[in-house]
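Residue numbers (this note's numbering), protein chains in the order written: chain A, 1 to 324; chain B, 1001 to 1433.
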Amino acid sequence: MDPSEYRKQVTEELQRQTESQPGYHEFLDKSNSLSQRQEALAAGTKSLTEAELDDTINIIRDQEEEPELRASAIRSVGRDIGNRDETINLLLELLKDKTEPREVRIAALQVLLMLAFISPLFMSKRPEFLAALRSVVEDPDTTVRQAAIEILALEKDEYVQRRLNEGLDDPSKALVSPEKAVQMLGQDVHAELYPRLREMIQNPPSPAAREEAVRLLAGDPNSKELLVNLVRDKDEDLKVRTLSAAALQSLDPVEFTDQAKQIVLDDTEDEDLRLTGLTGLTHFGDQPSLIPDLEFMKGLERLRNESTSDQLKEAIDRYLNRTK
Amino acid sequence: MNQAQLSQTTQIIIDSNSNLDANYITWSPVPAQIRIVDTGAVTNMLAVKLRNQNPNQGGQVVLFAPFPGPGRGDHGQDELILALPHDGSPVPFFIAGKFGKPSVADKDAVIEVVDTSTGNVLSVTPVMVRIRKNANSLEDGERQRFLSALALLNMASTGGVGGFADYANIHADAGVQEAHGNAGFLPWHRAFMLDLERELQALDPSVSLPYWRFDEAAPNLFTKAFLGVPNPTGTLEFETNNPLQFLSPPIFRQPDFNTTTESAHVINEAGTLQLGDVYANYRIMEGNPHGSAHTSFSGLISNIGTAARDPLFFLLHANVDRLWARWQWYMQRFDMTSIDTYTFLGKAGDSGATRIGHNLLDTMWPWNQITGTGAFDDRPPTAPGGNLPRSKIVNFPSLTPTVGDMIDYQGALNPANRLGFDYDDVPFDFDIL
């Protein structure tokens, strides 16, 4: 397409959209329907004036308004409130207020997170933000509670780490599911976590927690033998075996290469596991041991000829292309 | 017939680079030259036609006569006739990717040179019209090459652990003030994306960084075959042939919207384009759509300190950069002497300047490798990641780029400023020349 013609098209499209967009006053007009007001909000592109911002904040505060509209209003003003201390305080209060609807609290949390990206002022508010999050880790609303715990875990917050460990020790104190707790603790892995994860493989609080534990063992040098055993055990759950193979690759690429070669050529193995093995070998295999291995190459060519799986054939082709 | 099979009577050299590995072009016109190499076979001036070998498949190029060259009156043509001296002297012309016709595979745009009198093919030159595309529309091969390079880069830079450790560290706490909350947000992230893309291209030169158009549903992106699907705990799961399954530590990301049918919680592209016609107004896009796209999920991507551990980060920011590029094109904002193009034209310490790293003439951390106290008005105490990687196709910017180096990315006003990338829906503005 000619670039000049393209510019004309874009200009016309913008004009069409501008003409069809409702004005911001349509959002403020309470006589309009919810959808009309939300549409007007979504169409707003310019920075709000101080007066418009005040009007919008009044709607955010107004508990008579629909929660959905208040949540949308919170999201829409995020970019305009970065330097207004009192508005950041309002968002912190909404997040902490258990009487507020979930939609409003989550929207407030999202905008607070966004301010961390864009607002120099927010850096000075971080201690208050983290305190607000800690105040809701036992919130009756599961969504709010879990969201707060996630953010604190990403911040490597010691308080929430202690609470998560307590929950794994004593399920009656658990703030989240055991698999979520493992995932969250995995955001700041300490050496003392690994024995707990290894124990979890033998005595898991849930199948999903076991899977999360396997993923994290990729960072534990003492888990190599355990992962090899999981990969090799044909009676083990297939997903756990596949995750163990991926974890082993990160932990010990040479050992992974050895195990993966055996799995790929073993016709009694599950196709998904063979594909994971082959994908790992293709991208991260230990090249010094792979390239001269003519037996393995012959085995792959046999497999390519005999397999009825298109996915496996494609994966073999990718491997051969990469190593030739 | 491929290049190896054909006895080449003529030779094309693009942008003074005889290394065929460098035959990657974008929408920006670049100088090229053609000459007769088999001078013994030709006794007189030879009239040749340059054209796309297959106008219906693969990337396409447009060609420009040497005089007056690309500009308001010449947006390029599909064929070009030139007269070549029999003594092998080169004849200049210009070449660019044809807007709307990017390559799908490596070197799938083939320039054919034919003798106008006999119709014989004298040479073929494969090039790639390498363009950043919408991730939701990538062909299988494009997606696989990108994922492979991404996984390999992570492995190479971190030894398999740490999840894009350098990139995550650069973007984390130390870099917050260098990259956010001020005018340099867009240029800094342009350099950040360029850094990653050049590293990917060092592994596979046919790869370009795709973008996540967050104001549209992207059902082909949030899949197990591409960027993963969260399990009930939020940890991403992948297909068994996706190399991202090996990312460690694992990524968790839970969308707050239906990725199959809805956009993220962002203003749309038209709205973004109309945020303002001068940079000072336009840059509020850092909040919405940029920040809003990040926080449309829970998980690593929503947290400034961890966002760059999630591969989605790079596709999200490629789109932020595309939106800026589109605004620059639409508003014609490439002139670095104008505050309409960029707000702070001087350097830190000048009257009216802003924080160091956000003025046009300031170098950008960490590529400048300058460290400081980490105070609000100083550089961070560490500078991870090294200088900006070099490109095989352009010589710009330097290893220590300035904010201003990111502005004229297509070389619209100064061809030497080309950064070597383009977007599928942002053309080169010939009318500005």
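For every residue, glycine included, the Cβ atom is placed at its ideal position computed from N, Cα and C. Everything numeric in this text was worked out from a predicted model, so none of it was measured.
Whole-angstrom distance between residue j and residue i, CA atom to CA atom
| i | j | result |
| --- | --- | --- |
| MET1155 of chain B | PHE284 of chain A | 8 Å |
| LYS125 of chain A | LEU69 of chain A | 26 Å |
| ALA1383 of chain B | SER1391 of chain B | 21 Å |
| LEU281 of chain A | LEU197 of chain A | 27 Å |
| SER20 of chain A | THR11 of chain A | 14 Å |
| ARG322 of chain A | ASP258 of chain A | 18 Å |
| GLY1372 of chain B | ALA1280 of chain B | 28 Å |
| GLY1163 of chain B | SER1208 of chain B | At GLY1163 of chain B the pLDDT is 48, less than 50, meaning the model places this residue with poor confidence and gives no usable figure here. |
| LEU248 of chain A | ALA218 of chain A | 6 Å |
| LEU1442 of chain B | PRO3 of chain A | Coverage of chain B is limited to positions 1001 through 1433, which leaves residue 1442 of chain B absent and any answer about it impossible. |
| ARG1309 of chain B | PRO1243 of chain B | 15 Å |
| VAL137 of chain A | PRO127 of chain A | 16 Å |
| GLY1271 of chain B | LEU28 of chain A | 19 Å |
| PHE1146 of chain B | ASN1017 of chain B | 26 Å |
| THR1125 of chain B | ALA1325 of chain B | 30 Å |
| GLU158 of chain A | ARG1379 of chain B | 29 Å |
| GLU328 of chain A | ARG1130 of chain B | It is not possible to answer for residue 328 of chain A, since the shown part of chain A is limited to 1 through 324. |
| LEU1138 of chain B | VAL1091 of chain B | 37 Å |
| LEU290 of chain A | THR1240 of chain B | 21 Å |
| HIS1294 of chain B | ASP1215 of chain B | 12 Å |
Under 9 Å from the C-beta of residue i: neighbouring residues of chain B
| i | result |
| --- | --- |
| SER47 of chain A | LEU1275, GLY1276, ASN1281 and ILE1284 |
| ARG105 of chain A | Those within 9 Å of ARG105 of chain A in chain B number zero; the least Cβ separation is about 13 Å. |
| THR371 of chain A | Residue coverage of chain A in this structure runs from 1 to 324, which leaves residue 371 of chain A outside it and unanswerable. |
| GLN161 of chain A | The premise fails here: GLN161 of chain A is roughly 15 Å from chain B at the closest Cβ pair, so nothing lies under 9 Å. |
Contact set between residue i and chain A, taken where Cβ atoms lie within less than 9 Å
| i | result |
| --- | --- |
| TYR1330 of chain B | ARG7, VAL10, THR11 and LEU14 |
| ASN1359 of chain B | Those do not exist, as ASN1359 of chain B stays about 16 Å from chain A at its closest Cβ, beyond 9 Å. |
| SER1398 of chain B | Under the 9 Å cutoff, chain A gives no residues; its nearest Cβ is about 28 Å from SER1398 of chain B. |
Among the options, the one whose alpha carbon lies nearest that of residue i
| i | options | result |
| --- | --- | --- |
| LEU154 of chain A | A:ILE201, A:GLY186, A:GLU179 and A:ASP267 | A:GLY186 |
| ALA1375 of chain B | B:LEU1194, B:LEU1361 and B:ARG1355 | B:ARG1355 |
| SER1148 of chain B | B:LYS1133, B:PHE1093 and B:GLN1245 | B:GLN1245 |
| THR142 of chain A | A:ASP62, A:SER72 and A:SER177 | A:SER177 |
| ALA1172 of chain B | B:PRO1232, B:LEU1300 and B:GLY1411 | B:LEU1300 |
| GLU13 of chain A | B:VAL1127, B:ILE1111 and B:ASN1268 | B:ASN1268 |
| GLY1349 of chain B | B:ASP1340, B:LEU1186, B:PRO1397 and B:ASN1359 | B:ASN1359 |
| ASN1414 of chain B | B:ASP1106, B:LEU1046 and B:ILE1432 | B:ILE1432 |
| PRO1427 of chain B | B:SER1117, B:MET1331 and B:LEU1221 | B:MET1331 |
| PRO1381 of chain B | B:PRO1366, B:ARG1072 and B:PRO1389 | B:PRO1366 |
| PHE122 of chain A | B:GLY1181, B:ILE1025, B:LEU1122 and B:ASP1195 | B:GLY1181 |
| ASN1169 of chain B | B:ALA1412, B:GLY1386 and B:PHE1067 | B:GLY1386 |
| LEU130 of chain A | A:THR308, A:ASP293 and A:LEU95 | A:LEU95 |
| ASP1429 of chain B | B:GLY1276, B:PRO1031, B:HIS1075 and B:ASP1015 | B:HIS1075 |
| PRO1029 of chain B | B:GLU1199, B:ASP1277, B:PHE1344 and B:ALA1412 | B:ALA1412 |
| LEU312 of chain A | A:PHE296, A:GLU150, A:LEU278 and A:LYS180 | A:LEU278 |
Beta-carbon neighbours of residue i, restricted to chain B and to distances below 8 Å
| i | result |
| --- | --- |
| SER4 of chain A | HIS1075, PHE1430 and ASP1431 |
| GLN287 of chain A | Under the 8 Å cutoff, chain B gives no residues; its nearest Cβ is about 12 Å from GLN287 of chain A. |
Beta-carbon neighbours of residue i, restricted to chain B and to distances below 7 Å
| i | result |
| --- | --- |
| PHE296 of chain A | Within 7 Å Cβ-Cβ: nothing; PHE296 of chain A doesn't reach chain B, min ~19 Å. |
| THR268 of chain A | What THR268 of chain A touches in chain B: nothing, since even the nearest Cβ is about 17 Å away. |
| GLN110 of chain A | THR1295 |
| ILE118 of chain A | HIS1180, GLY1181, GLU1286, GLY1287 and GLY1291 |
| GLU212 of chain A | THR1233 and THR1235 |
| ASP139 of chain A | Within chain B, no residue comes near ASP139 of chain A; the closest Cβ sits about 15 Å away, beyond 7 Å. |
| ASP272 of chain A | THR1240 |
| GLN259 of chain A | Here the premise fails: no neighbours, minimum Cβ distance about 14 Å. |
| ALA315 of chain A | ASN1241 |
Residues that residue i contacts on chain A, provided the C-beta gap is smaller than 8 Å
| i | result |
| --- | --- |
| MET1155 of chain B | HIS283 and PHE284 |
Cβ distance (whole Å) where residue i is taken to contact residue j below 8 Å
| i | j | result |
| --- | --- | --- |
| ILE1036 of chain B | VAL1042 of chain B | 5 Å |
| ASN1319 of chain B | TYR1167 of chain B | Wrong, their Cβ atoms sit about 17 Å apart, outside the cutoff. |
| ARG302 of chain A | LEU273 of chain A | Going by Cβ atoms, the distance from ARG302 of chain A to LEU273 of chain A rounds to 18 Å, so no, they are not a contact pair. |
| GLU65 of chain A | ILE74 of chain A | Between ILE74 of chain A and GLU65 of chain A the Cβ distance is about 11 Å, and since that is not below 8 Å, they are no contact. |
Amino acids of chain A, ordered along the chain, whose beta-carbon sits closer than 7 Å to that of residue i
| i | result |
| --- | --- |
| GLY1374 of chain B | Ordered by position in chain A, no residue passes the 7 Å Cβ test against GLY1374 of chain B, which lies about 12 Å from the chain. |
| PRO1427 of chain B | PRO3 and TYR6 |
| PHE1252 of chain B | GLN183 |
Would you call the region 102-114 of chain A in contact with the region 65-81 of chain A, where contact means no fewer than 3 C-beta pairs closer than 8 Å?
yes
inquiry  = Can you confirm whether the region 1096-1114 of chain B touches the region 1050-1067 of chain B when touching is taken to mean that 3 or more C-beta pairs between the two stretches lie within less than 8 Å?
reply    = The region 1050-1067 of chain B, when compared against the region 1096-1114 of chain B, does touch it at the 8 Å Cβ threshold.
Legend entry - contact_flag[the region 1246-1265 of chain B, the region 55-69 of chain A] where n(CB pairs < 8 Å) is 3 or more: Segments in contact, no.
How about the region 1043-1050 of chain B and the region 1078-1097 of chain B: do they share at least three Cβ pairs that are nearer than 8 Å? yes
If contact is defined by three or more beta carbon pairs under 8 Å, each pair taking one atom from either stretch, is the region 1307-1321 of chain B in contact with the region 1173-1189 of chain B?
yes
Should the region 1009-1019 of chain B be called in touch with the region 304-318 of chain A, which here means at least 3 C-beta pairs below 8 Å?
As far as the Cβ criterion goes, the region 1009-1019 of chain B does not touch the region 304-318 of chain A, which means the pair count is below three.
Would you be able to state if there are at least three C-beta pairs under 8 Å between the region 265-282 of chain A and the region 1224-1236 of chain B?
-> no
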